[in-house]
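Take a look at the structure below.
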Amino acid sequence: MSVQYPLFVKRDIDGFFGLFIDNVVQLLLILGLCSGLCGMTGENASLLFRYIFPGAAVSILLGNLFYAWQAHRLAAKENRSDVTALPYGINTPSLLVFVFFVMMPVYLETKSAVDAWKMGLIACLGSGVIELLGALFAGAIRKHTPRAALLSTLAGIAIGFIAMTFTLQIFHKPLIAMAPLGLILIALFAPTRFPLGLPGGLVAVLVGTVTAWALTLFTSWVPSAPTWITGNTMSTAAISEQFDRIGLYLPVFVGGQIFEVLKDWSNWFGFLSVIIPMGLFNIIGSMQNIESAEAGGDSFATGPSMAVNGIGTIIAALFGSCFPTTIYIGHPGWKELGSRAGYSSLNGVVVTLLCFSGLIGLASAIVPIEAGVAIVLWIGIIITAQSFQATPDNHAPAVAIGLFPAIAAWGATVMAGAFLAAKGTTMQELLTANSGTEVNGFLIEGLLSLERGYIFTCMILSALAANLIDRKFLSAAVWSFIAAILTFVGLMHAFQLQGNIVDYWLIGQETEKTALNFSATGIAIGYLAISGICLGFHLWAKPSKIDDVSAEIE
1 MSVQYPLFVK RDIDGFFGLF IDNVVQLLLI LGLCSGLCGM TGENASLLFR YIFPGAAVSI
61 LLGNLFYAWQ AHRLAAKENR SDVTALPYGI NTPSLLVFVF FVMMPVYLET KSAVDAWKMG
121 LIACLGSGVI ELLGALFAGA IRKHTPRAAL LSTLAGIAIG FIAMTFTLQI FHKPLIAMAP
181 LGLILIALFA PTRFPLGLPG GLVAVLVGTV TAWALTLFTS WVPSAPTWIT GNTMSTAAIS
241 EQFDRIGLYL PVFVGGQIFE VLKDWSNWFG FLSVIIPMGL FNIIGSMQNI ESAEAGGDSF
301 ATGPSMAVNG IGTIIAALFG SCFPTTIYIG HPGWKELGSR AGYSSLNGVV VTLLCFSGLI
361 GLASAIVPIE AGVAIVLWIG IIITAQSFQA TPDNHAPAVA IGLFPAIAAW GATVMAGAFL
421 AAKGTTMQEL LTANSGTEVN GFLIEGLLSL ERGYIFTCMI LSALAANLID RKFLSAAVWS
481 FIAAILTFVG LMHAFQLQGN IVDYWLIGQE TEKTALNFSA TGIAIGYLAI SGICLGFHLW
541 AKPSKIDDVS AEIE
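Using full-length UniProt numbering, read the sequence shown as starting at 1 and increasing by one per residue.
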């Protein structure tokens, strides 16, 4: 008997709010960073509203609709009604890296927001091409990579860059965010029917929004209210300002502008040191998210999933967006929410309408982001839990070791941000004077080195550990050798530091004379040593000896 798989279920509303908030955060981040760092203000703000937002919307819509269709197809194939579509949206790491290391440098050099935008298009296009090509070999990588290695990386990112980020927002504005947090925890940890059968996510967002505006009304009546109340208010002026942005902004094909920049390779060749690593990281990240979905019970084909991921990024560039899209982390969380395919379709449609109409700013002015962040926090919790639950029990140490580089990357990001905000002594000055400088007991150089290419490092350390646990010494040797190669070419650990700005330092790349460079050659040699040791044990440890040791341990 054929099982019915509906276009939309009630719990898709919860999933929609979570994914929608995640996408809105990225769009607002684009608005703030491009305005503040790339000169897209005043007349140049049209680059955002006429090109970047509509271009991003096209890619988000096409990707969300594809992954929703893919979920329907899998449900029909396996005769199931519980398939959850892969989440999809703007890639946060690429967004930040392309702004800071591609667009901002061009703007500072040329003082032209248009030139910064055009170079961002090249970066986005290049990343999409790399992701599309990656679809050809991603399946083979998944086949030969322990699940612990793929999931532990996601757990590290979930802890540092998802759960931690939104947890801080909750406790920054507790009057708005903590009641929604309680509602979300009740809805998801102890499923309970809400009044009128409303989804818990919708109730949480409504409660947070009403609370925020009630506090705003209260402070207008009591101007002398304490700061712990006034710090949670909304702005009616922001709503009025965003009304002026409302209009019709249909996507515009910008292939001609891209081709003009591509013709002069000297303008963009130097940025390959940023584009190539980010493209490779996006391949690995998407592959890990597909593995996470399979661990949760939904086995999507690797090739098509990643190909559409790359195509979406290419389309984004061709229609004016500088920012790649990607398969999002968090499929297990959306599945746990009870979402199916409808949340993906609805997210694509709503984000597109907001971007095409200029309403994205108005929505953010009405609904406080803190009202819905608890949903995203939940996603981080589920991802972290899954990394242990969906792997063999004896691989738990492998998952644990894979968390360290991602946590170090979070620490490095916070540290770098603090140095930038302080505007005093720079990290470069400290490390030039003493490479062993510590901040509260943590080595600055160590944090920066472990942060560079941390997605690769997480996966390789975890794979190395998992293979050693299984006594696969040859496989462990291969993984360590791969780490040595990636480190030697500069995709892991190596960095160059100018002031407080950290960048990759690839082999053969020219560097600024004023920069502090860390080649990571010693780390590469260390990985080679580990590889040699593992190879030696492979040659020495015959099966009989392995069995003898196992018997002694038992």
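No residue lacks a Cβ here, since even glycine has one placed at the ideal position from N, Cα and C.
Query raised in the report: What's the C-alpha gap between residue 15 and residue 294?
Result: Between residue 15 and residue 294, the C-alpha separation is close to 19 Å.
Query - residue 53 - containing alpha helix (DSSP H), residue span - result: Start and end: 53–78.
Query raised in the report: Taking three-plus beta-carbon pairs below 8 Å as touching, is the stretch 327–335 in contact with the stretch 289–305?
Result: Between the stretch 327–335 and the stretch 289–305, the count of C-beta pairs closer than 8 Å reaches three or more; the two stretches touch.
Query raised in the report: Leaving out the 5 sequence neighbours to the left and right, which residues in its chain are closer than 6 Å to residue 146 when beta-carbon positions are compared?
Result: Cβ neighbours of residue 146 within its own chain (closer than 6 Å, five residues either side excluded): 463 and 466.
Report task. Compare the C-alpha of residue 359 against each of 24, 12, 428 and 18 and name the closest. Result -> Taking each of 24, 12, 428 and 18 in turn and checking the Cα distance to residue 359, the smallest one comes out for 24.
Query raised in the report: Whose CA, out of 28, 509 and 530, lies closest to the CA of residue 477?
Result: Per the C-alpha coordinates, the member of 28, 509 and 530 positioned closest to residue 477 is 530.
Requested in this report: Would you kindly report the start and end of the unbroken beta strand (DSSP E) that includes residue 497?
Outcome: From DSSP, the beta strand (DSSP E) with residue 497 extends over 495–498.
Query raised in the report: Under a three-way DSSP split, which group does residue 327 fall into?
Result: In this structure, residue 327 counts as strand in the three-state DSSP scheme.
Query raised in the report: How should residue 227 be labelled, buried or exposed, when 16 other C-beta atoms within 10 angstroms of its C-beta is the threshold for buried?
Result: It counts as exposed.
**Report entry** Straight-line gap, residue 8 to residue 344 (C-alpha atoms, nearest Å)
**Finding:** For the pair residue 8 and residue 344, the Cα-to-Cα distance works out to about 10 Å.
Query raised in the report: If we call anything under 8 Å between Cβ atoms a contact, is residue 307 one with residue 72?
Result: If you check the CB distance, residue 307 and residue 72 do not come in under 8 Å.
Query - C-alpha distance - residue 333 paired with residue 319, whole-angstrom precision - result: CA-to-CA, the gap between residue 333 and residue 319 works out to about 31 Å.
Report task. Please report the residue range of the beta strand (DSSP E) in which residue 491 lies. Result -> Going by DSSP, residue 491 is part of no beta strand (DSSP E) at all; its letter is neither H nor E.
Query raised in the report: How many whole angstroms separate the CB atoms of residue 518 and residue 481, which I take to be in contact at a CB cut-off of 8 Å?
Result: Actually they are not in contact, since the Cβ atoms of residue 518 and residue 481 sit about 22 Å apart, beyond 8 Å.
Query - Stretch-stretch touch, CB-based, cutoff 8 Å, three pairs: the stretch 53–60 with the stretch 351–368 - result: Using a C-beta cut-off of 8 Å, the stretch 53–60 makes contact with the stretch 351–368, since at least three inter-stretch Cβ pairs fall below that distance.
**Report entry** Extent of the continuous beta strand (DSSP E) to which residue 88 belongs
**Finding:** DSSP places residue 88 inside the beta strand (DSSP E), whose first and last residues are 88–90.
Query raised in the report: If you compare alpha carbons, which of 132, 102, 135 and 130 is closest to residue 121?
Result: For residue 121, the closest alpha carbon among the candidates 132, 102, 135 and 130 is that of 102.
Query raised in the report: Is it right to say residue 244 is buried, meaning 16 or more other beta carbons lie within 10 angstroms of its own, or is it exposed?
Result: Around the beta carbon of residue 244, fewer than 16 other beta carbons lie within 10 angstroms, which makes this residue exposed.
Requested in this report: Have a look at residue 84 and residue 96 and give me their C-alpha separation to the nearest angstrom.
Outcome: Cα-Cα distance, rounded: 29 Å.
Query - residue 11 burial status per 10 Å Cβ neighbour count (16 or more: buried) - result: Classification for residue 11: buried.
Query raised in the report: Quick one: what's got a C-beta closer than 7 Å to residue 515's C-beta in the same chain, skipping five residues either side?
Result: Taken in chain order, the residues that qualify are 496, 497 and 498.
Query raised in the report: How big is the Cα-Cα spacing for residue 488 and residue 511?
Result: Near 16 Å, if we compare the C-alpha coordinates of residue 511 and residue 488.
Query raised in the report: Which whole-angstrom value is the C-beta distance of residue 405 and residue 469, which I expect to be below 8 Å?
Result: Going by Cβ atoms, the distance from residue 405 to residue 469 rounds to 19 Å, so no, they are not a contact pair.
**Report entry** Proximal residues to residue 549 (C-beta, below 7 Å), its chain only, five neighbours per side dropped
**Finding:** The predicted model places residue 549 with a pLDDT of 44, which falls under 50 and marks its position as unreliable, so this point remains unresolved.
Requested in this report: Could you tell me which residues DSSP puts in a beta bridge with residue 438?
Outcome: Residue 438 is bridged by DSSP to 443.
Query raised in the report: Near residue 173, what residues of its chain come up, given a Cβ to Cβ distance below 8 Å and the 5 sequence neighbours on each side ignored?
Result: Taken in chain order, the residues that qualify are 231, 232, 368 and 370.
Query - Closest residue to residue 88 among 346, 378 and 446 (Cα-Cα distance) - result: The residue with the shortest Cα to Cα distance from residue 88 is 346.
Report task. Taking residue 129 as the reference, give the member of 449, 284, 525 and 276 with the closest Cα. Result -> Looking at the Cα atoms, 276 is the closest of the given residues.
Query raised in the report: Within the chosen definition, does the stretch 64–82 reach the stretch 255–263 through at least 3 CB pairs nearer than 8 Å?
Result: The stretch 64–82 is not in contact with the stretch 255–263.
Query - Inter-residue Cα distance where the pair is residue 13 and residue 203 - result: Rounded to whole angstroms, the separation of the alpha carbons of residue 203 and residue 13 is 10 Å.
Query raised in the report: Hey, residue 321 and residue 45 are a contact pair by Cβ (cut 8 Å); roughly how many whole angstroms apart?
Result: About 15 Å separates the two Cβ atoms, so there is no contact after all.
Requested in this report: State the CB to CB distance for the pair residue 448 and residue 412, rounded to an integer number of angstroms; the pair is presumed to be in contact (CB under 8 Å).
Outcome: The pair is a contact, with the Cβ atoms about 6 Å apart (cut-off 8 Å).
Requested in this report: With DSSP collapsed to three states, give me the class of residue 517.
Outcome: DSSP places residue 517 in strand when its eight states are reduced to three.
Requested in this report: Could you check the C-alpha separation between residue 298 and residue 150 for me, to the nearest Å?
Outcome: Cα-Cα distance, rounded: 16 Å.
Report task. Please report how far the alpha carbon of residue 19 lies from the alpha carbon of residue 383, in whole angstroms. Result -> Counting only the Cα atoms, residue 383 lies some 15 Å from residue 19.
Query raised in the report: If you run the structure through DSSP and keep just helix, strand and coil, what is residue 507?
Result: Residue 507: coil per DSSP, three-state reduction.
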